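Have a look at the structure below before the remarks.
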Amino acid sequence: MIAAALLALHLCAAADAQSRGRGRSDNEVATPLIMTPLPPRRPADLTASKAKPAKTPPAPTAPDGPMGPPACFATFFKRGGIALPVAPESGDGACEITDPVTFRAISMPGGAKVELDSAITVTCAFAVELLDWVRDDLPGIISRENGTLSRLIGVGGHACRPRNGVPGAQISEHATGNALDLGALRLADGRTLTLVGTDAATRTLREALKTSSCARFRTVLGPGSDDSHKDHLHLDMRQRPRDYKICQWHVD
Ligand SMILES: [Zn+2]
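With this note's numbering applied, the sequence shown corresponds to residues 150 to 401, in that order.
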């Protein structure tokens, strides 16, 4: 909403400046009503130089995504976030998202892109945490599988609902755009690494993913935590007293 207000101010200022510019131009070409001696003609090149319209910077709109305050948006882009050219849904009431950002791809340090299998809308602050995890932590873990990450599978972001979809339960972190669900990782060579199951071949990988996700996020719920998370990973940044964190993922 702040970015939209700033954009409106920017556009108003630009329109005002244009209006002032037009005013000067009109005065120059208006025919005098009172016949008085005309001043010496201005040199043609000077007139042309004065008449040249001032360069107006392009309006900060999509596809560059959200702009302006807070500084988080600048960090989002700097950390590889690629916002979709849509106005993110900010929700309302208990499901309002602070500084929402909608994206479906992440630019990796080497220039490659990691795509999400569907676009998500989350708070900018949460998006930055997610970008850091994907860019800083995952490549090293996945390189042990002799692969590179290409896609996040089974992702879910904003969802206006109570926890685990249970009526009457406390509002979910998904409702405020502070959480991500993740089902699997796709590698560039086509392999899909699921985060569930008992495959001995991926146990070390899943252990490493648990360690890194629990270090990065404030809540990690995976297989073994409850029935709602037996087939996917839930990550969020819920603040609790005394900075208490939850890491519940039983790796079989
Ligand atoms: Zn979840």
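Every residue, glycine too, gets a C-beta built ideally from N, C-alpha and C. These numbers were taken from a predicted model, which means no experiment stands behind them.
query = Apart from the five residues just before and just after E278, which ones in its own chain have a Cβ nearer than 8 Å to its Cβ?
reply = R365, F366, M386
request  = Return helix, strand or coil for F366, following the three-state DSSP convention.
outcome  = coil
message = Using CA atoms only, rank isn't needed, just tell me which of V250, A223, K379 is closest to H486.
response = For residue 486 there is no data in the structure shown, the boundaries of the chain being 150 and 401.
query = What number of angstroms, rounded off, separates the C-alpha of A333 from the C-alpha of A220?
reply = 31 Å
task = Measure how close the beta-carbons of L344 and L358 come, nearest whole angstrom, since I'm counting them as under 8 Å.
result = 7 Å
message = For N313 and T272, which I take to be in contact (beta-carbon distance under 8 Å), what is that distance rounded to the nearest angstrom?
response = About 21 Å separates the two Cβ atoms, so there is no contact after all.
message = For the beta strand (DSSP E) containing C221, name the first residue and the last one.
response = No beta strand (DSSP E) holds C221; the alpha helix (DSSP H) holding it covers 220–227.
task = Please report the Cβ distance between L301 and L265, rounded to the nearest whole angstrom; I am assuming they are in contact, meaning their Cβ atoms lie under 8 Å.
result = 5 Å
ask   = For the candidate residues S267, M257, G242, A243, whose alpha-carbon lies nearest to that of T251?
value = S267
ask   = What are the boundary residues of the beta strand (DSSP E) that includes G230?
value = 230–232
inquiry  = Residues in the same chain with beta-carbon distance under 6 Å from S361, minus the five sequence neighbours each way, listed in chain order, please.
reply    = D286
query = How would you call E177, buried or exposed, if buried means at least 16 neighbouring beta carbons within 10 angstroms?
reply = Because the pLDDT at E177 is just 34, under 50, the model does not fix this residue reliably, and the point stays unresolved.
key: Boundaries of the beta strand (DSSP E) in which P249 is found, first to last residue   = 249–256
key: Residue nearest to L382 in terms of C-alpha spacing, selected from R355, E238, D392, R391   = R355
query = Which residues are close to ligand 1, meaning CB closer than 6 Å to any heavy atom, in chain order?
reply = H323, A328, D330, H383
is_contact[G260, chain C] using C-beta, thresh 9 Å = Here there is only one protein chain, and chain C is not present.
key: Within 9 Å, strictly: CB atoms of G296 and R340   = yes
query = Taking the alpha helix (DSSP H) that I246 falls in, what are its first and last residues?
reply = Segment: none, I246 is in no alpha helix (DSSP H) and carries neither H nor E.
query = What is the DSSP secondary structure of N335, counted as helix, strand or coil?
reply = Note that residue 335 is Arg in the sequence shown, not Asn. Here R335 sits in strand by DSSP.
message = So, for W282: in the same chain, excluding its five sequence neighbours on each side, which residues have a beta-carbon less than 6 Å away from its beta-carbon?
response = R365
query = Nearest-angstrom Cα distance between F275 and A324?
reply = 13 Å
inquiry  = Determine whether the beta carbon atoms of L384 and L331 lie at a separation below 9 Å.
reply    = yes
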